[in-house]
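For the sequence shown, our numbering begins at 1 and goes up steadily by one.
Every residue gets a Cβ at the ideal spot worked out from N, C-alpha and C, and that includes glycine.
Below is one structure, written out as structure tokens, with a few remarks after it.
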Amino acid sequence: MKTLDEEDKEQPSDTQVLKGIKLQGIKESGEKIPPGEKNVNLLKKIREQVAGLFFGFSESGPFPSSGGVFEPKNANRKPKKDTSPEKENADRVALEKIFSFSMKPRDIFDYLERFVIQQKEAKKVLSVAICDHYNHVRRCIGHPEERKLDYGKPNVLLLGPTGVGKTYLIRHVARLLGVPFVKADATKFSETGYVGNDVEDLVRNLVRTADGNVELARYGIIFVDEIDKIASLGEGGRDVSGRGVQINLLKLMEDTDVNLVAPNDITAQMSRMLHFGDEKPRKETIATKHILFIVSGAFEKLNDHIRRRTAASAIGFGNQGNDGRDSDFLHLATTADFIQFGLEPEFIGRLPIRVACEQLHREDLAQILTASEGSILHQHARDFEGYGISLRVTAGAIDAIAVLAAEEKTGARGLMTVLERLFRNFKFHLPSMAVSELCVTEEVVRKPEEALRRLIGGQND
Ligand SMILES: Nc1ncnc2c1ncn2[C@@H]1O[C@H](COP(=O)(O)OP(=O)(O)OP(=O)(O)O)[C@@H](O)[C@H]1O
Ligand SMILES: [Mg+2]
Numbered sequence: 001m002k003t004l005d006e007e008d009k010e011q012p013s014d015t016q017v018l019k020g021i022k023l024q025g026i027k028e029s030g031e032k033i034p035p036g037e038k039n040v041n042l043l044k045k046i047r048e049q050v051a052g053l054f055f056g057f058s059e060s061g062p063f064p065s066s067g068g069v070f071e072p073k074n075a076n077r078k079p080k081k082d083t084s085p086e087k088e089n090a091d092r093v094a095l096e097k098i099f100s101f102s103m104k105p106r107d108i109f110d111y112l113e114r115f116v117i118q119q120k121e122a123k124k125v126l127s128v129a130i131c132d133h134y135n136h137v138r139r140c141i142g143h144p145e146e147r148k149l150d151y152g153k154p155n156v157l158l159l160g161p162t163g164v165g166k167t168y169l170i171r172h173v174a175r176l177l178g179v180p181f182v183k184a185d186a187t188k189f190s191e192t193g194y195v196g197n198d199v200e201d202l203v204r205n206l207v208r209t210a211d212g213n214v215e216l217a218r219y220g221i222i223f224v225d226e227i228d229k230i231a232s233l234g235e236g237g238r239d240v241s242g243r244g245v246q247i248n249l250l251k252l253m254e255d256t257d258v259n260l261v262a263p264n265d266i267t268a269q270m271s272r273m274l275h276f277g278d279e280k281p282r283k284e285t286i287a288t289k290h291i292l293f294i295v296s297g298a299f300e301k302l303n304d305h306i307r308r309r310t311a312a313s314a315i316g317f318g319n320q321g322n323d324g325r326d327s328d329f330l331h332l333a334t335t336a337d338f339i340q341f342g343l344e345p346e347f348i349g350r351l352p353i354r355v356a357c358e359q360l361h362r363e364d365l366a367q368i369l370t371a372s373e374g375s376i377l378h379q380h381a382r383d384f385e386g387y388g389i390s391l392r393v394t395a396g397a398i399d400a401i402a403v404l405a406a407e408e409k410t411g412a413r414g415l416m417t418v419l420e421r422l423f424r425n426f427k428f429h430l431p432s433m434a435v436s437e438l439c440v441t442e443e444v445v446r447k448p449e450e451a452l453r454r455l456i457g458g459q460n461d
């Protein structure tokens with residue numbers, strides 16, 4: 001056991017730390033800091049100034065020199081841990097929830113039904129995968145011998161057109177489980193991490209989402225969208241970078257240790273060096289073994305390819321290959337299709353669970369408005385309520401909105417566009433008028449300007 005004095009001797013003195021660095025405004029007089037004497041405030045100031053001088057950031061927060069705006073380049077800095085009692089309590093509850101996981105697939109499915117309309121197959125497949133994975137996690141924690149058994153992680157590939165609920169599904173799964181969740185676009189990554197982000201930043205961001213709690217982050221969910229964009233067989237031939245990103249991702253998807261400080265993050269490395277006086281620098285890592293990976297993509301070209309293939313094989317058999325929906329051929333995709341599309345065999349092989357989300361049709365969109373707990377219509381109703389105006393929408397209006405939204409061909413996102421256009425002028429004028437109710441009929445949806453004019457005219461009479 002070392003005495004404090006001995007430990008002090010082993011630590012580099014403040015003067016040693018400062019050696020060779022000219023500091024603005026600090027000890028300009030050249031006064032020597034006595035060795036062994038810890039001047040914590042001074043050291044902190046020095047660190048801030050050095051970091052500010054060289055990299056434009058201070059310890060008090062991410063890049064306040066750039067107006068306190070959180071910049072992506074700062075995203076891979078080592079996350080700071082929130083150590084407040086409230087946070088510790090919340091973390092403990094979240095971990096206990098994971099350690100005592102006892103949900104059944106049906107529970108997860110029923111929960112998702114409250115928010116996500118259609119996509120029954122995706123909900124079913126996800127519910128089973130989530131239960132399998134978190135049951136395995138619980139067993140590993142309770143019975144360490146389980147960790148030695150082979151385990152194939154049920155990483156999921158979600159296919160489907162834009163705006164049909166792929167991200168929405170995963171967000172709700174993560175919310176239900178109370179596990180940290182990060183979402184990123186595969187297009188943001190580059191093989192080396194020099195141009196784009198490094199795939200390992202995903203794991204570091206998971207720790208950041210968990211407010212620096214590495215233990216909680218180890219059981220999180222990483223969702224990578226636009227995965228079809230890193231298929232290595234693009235229009236112009238083989239895309240080497242896309243292949244490199246796939247290879248880097250597949251390492252994470254299995255089991256690897258990720259350093260909490262990015263190796264190319266000079267700012268964080270420098271900060272660690274400057275912390276040398278406080279504690280011995282340790283290499284802190286996080287294992288990805290229990291992190292669940294869910295990737296998704298629209299795979300439009302693959303859809304067309306399968307449609308042509310099934311159409312060719314169906315000639316003379318009267319077989320359409322699916323129920324006639326033009327965009328829903330992805331559920332017929334085989335491993336060979338994905339490889340032909342440019343996904344590496346090792347990559348697609350680590351995504352054993354594949355499920356396609358379907359295109360949303362007019363009736364589905366109408367149902368989203370009326371039945372989903374997360375309906376965008378509720379949000380608009382709350383907006384009007386803020387001005388004391390109650391919103392009433394007739395069944396005819398719901399159908400008319402759904403028709404317009406389906407024409408947008410952007411899935412449920414079409415609803416957002418149509419409703420924003422519909423309510424734009426009402427939201428501007430009504431709050432300043434003596435109006436306590438807005439009743440939206442089919443007529444109002446078709447001709448909102450006329451309806452508004454009538455309302456304003458009525459007020460002026
Ligand atoms: N099936 C659905 N049921 C209810 N709401 C939905 C559904 N699909 C989409 N939404 C609504 O539309 C929004 C956008 O959906 P989401 O982000 O899940 O699209 P996506 O399938 O991930 O599309 P992209 O491929 O463009 O990322 C959601 O936030 C949600 O409000
Ligand atoms: Mg998405």
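(request) Report buried or exposed for residue 228, applying the criterion of at least 16 other Cβ atoms within 10 angstroms of its Cβ. (result) buried
(message) Do residue 217 and residue 206 have their beta-carbon atoms positioned less than 8 Å apart in this structure?
(response) yes
(request) Sort 117, 308, 93 and 383 by Cα distance to residue 371 and report the nearest one. (result) 117
(request) Would you kindly work out how many angstroms separate the C-alpha atoms of residue 417 and residue 405, rounded to a whole number? (result) 8 Å
(message) Looking at ligand 2, does it come within less than 7 Å of residue 410, judged from the CB to the closest heavy atom?
(response) no
(message) Using 8 Å as the threshold, is the C-beta distance between residue 247 and residue 344 below it?
(response) yes
(request) Return yes when at least one heavy atom of ligand 2 lies under 7 Å from the C-beta of residue 167, else no. (result) yes
(request) Please report the Cβ distance between residue 223 and residue 170, rounded to the nearest whole angstrom; I am assuming they are in contact, meaning their Cβ atoms lie under 8 Å. (result) 5 Å
(message) Shorter than 7 Å, the distance from the beta carbon of residue 225 to the closest heavy atom of ligand 2, or not?
(response) yes
(message) From the DSSP secondary-structure annotation, give me the bridge partner or partners of residue 221.
(response) 181 and 292
(request) Indicate the three-state DSSP secondary structure (helix, strand or coil) for residue 354 in the structure shown. (result) strand
(request) Compute the Euclidean distance between the alpha carbons of residue 311 and residue 355, then round it to the nearest angstrom. (result) 21 Å
(message) Do residue 128 and residue 105 have their beta-carbon atoms positioned less than 8 Å apart in this structure?
(response) yes
(request) Could you have a look at residue 114 and say whether DSSP puts it in helix, strand or coil? (result) coil
(request) Rounded to whole angstroms, what's the CA-CA distance from residue 150 to residue 361? Just pull it up for me. (result) 43 Å
(request) Go to residue 360, then tell me how far its alpha helix (DSSP H) extends in each direction, as first and last residue. (result) From DSSP, residue 360 is part of no alpha helix (DSSP H); its letter is neither H nor E.
(request) Under the assumption that residue 186 contacts residue 245 (Cβ atoms under 8 Å), give the Cβ distance between them as a whole number of angstroms. (result) 7 Å
(request) For residue 410, I'd like the list of residues in its chain whose CB is within less than 8 Å of its CB, leaving aside the five on either flank, ordered along the chain. (result) 162, 163 and 417
(message) Can you list, in chain order, the residues of its chain with a C-beta nearer than 8 Å to that of residue 348? Leave out the 5 residues immediately preceding and following it.
(response) 157, 335, 338 and 339
(message) Can you check which of these residues, 189, 352 and 423, is closest to residue 382 by C-alpha distance?
(response) 423
(request) Starting from residue 201, follow the alpha helix (DSSP H) in both directions and report where the run begins and ends. (result) 201 to 209
(message) Tell me whether residue 162, by its Cβ, gets closer than 7 Å to a heavy atom of ligand 1.
(response) yes
(message) Helix, strand or coil, according to DSSP, for residue 343 in the structure here?
(response) coil
(request) Kindly indicate the opening and closing residues of the alpha helix (DSSP H) around residue 127. (result) 120 to 142
(request) Check whether the Cβ atoms of residue 159 and residue 200 sit closer than 8 Å, and answer yes or no. (result) no
(request) Have a look at 144, 133, 242 and 226 and flag the residue whose alpha-carbon is nearest the alpha-carbon of residue 352. (result) 133
(request) Return yes when the Cβ of residue 442 is within less than 8 Å of the Cβ of residue 396, no when it is not. (result) yes
(request) Identify which residue in 215, 168 and 331 has its Cα closest to the Cα of residue 94. (result) 215
(request) Using the Cα positions of residue 174 and residue 331, report the straight-line distance between them to the nearest angstrom. (result) 24 Å
(request) Mind reading off the beta-carbon distance from residue 97 to residue 211? Whole number of angstroms is fine, and I expect it under 8 Å. (result) Going by Cβ atoms, the distance from residue 97 to residue 211 rounds to 16 Å, so no, they are not a contact pair.
(request) Give the range of the beta strand (DSSP E) segment to which residue 392 is assigned. (result) 390 to 393
(request) Report whether the distance from the Cβ of residue 360 to the nearest heavy atom of ligand 1 is below 7 Å. (result) yes
(request) Below 8 Å on the Cβ atoms is my guess for residue 373 versus residue 109; work out the distance and round it to an integer in Å. (result) So it is not a contact: roughly 15 Å between Cβ atoms.
(request) Answer with buried or exposed for residue 426, where buried requires no fewer than 16 other C-beta atoms within 10 angstroms of its C-beta. (result) buried
(request) Starting from the Cα of residue 369, find the closest Cα among 358, 421, 390 and 400 and give me that residue. (result) 400
(message) Alpha carbons only, please: which of 333, 284, 148 and 457 is nearest the one belonging to residue 304?
(response) 333
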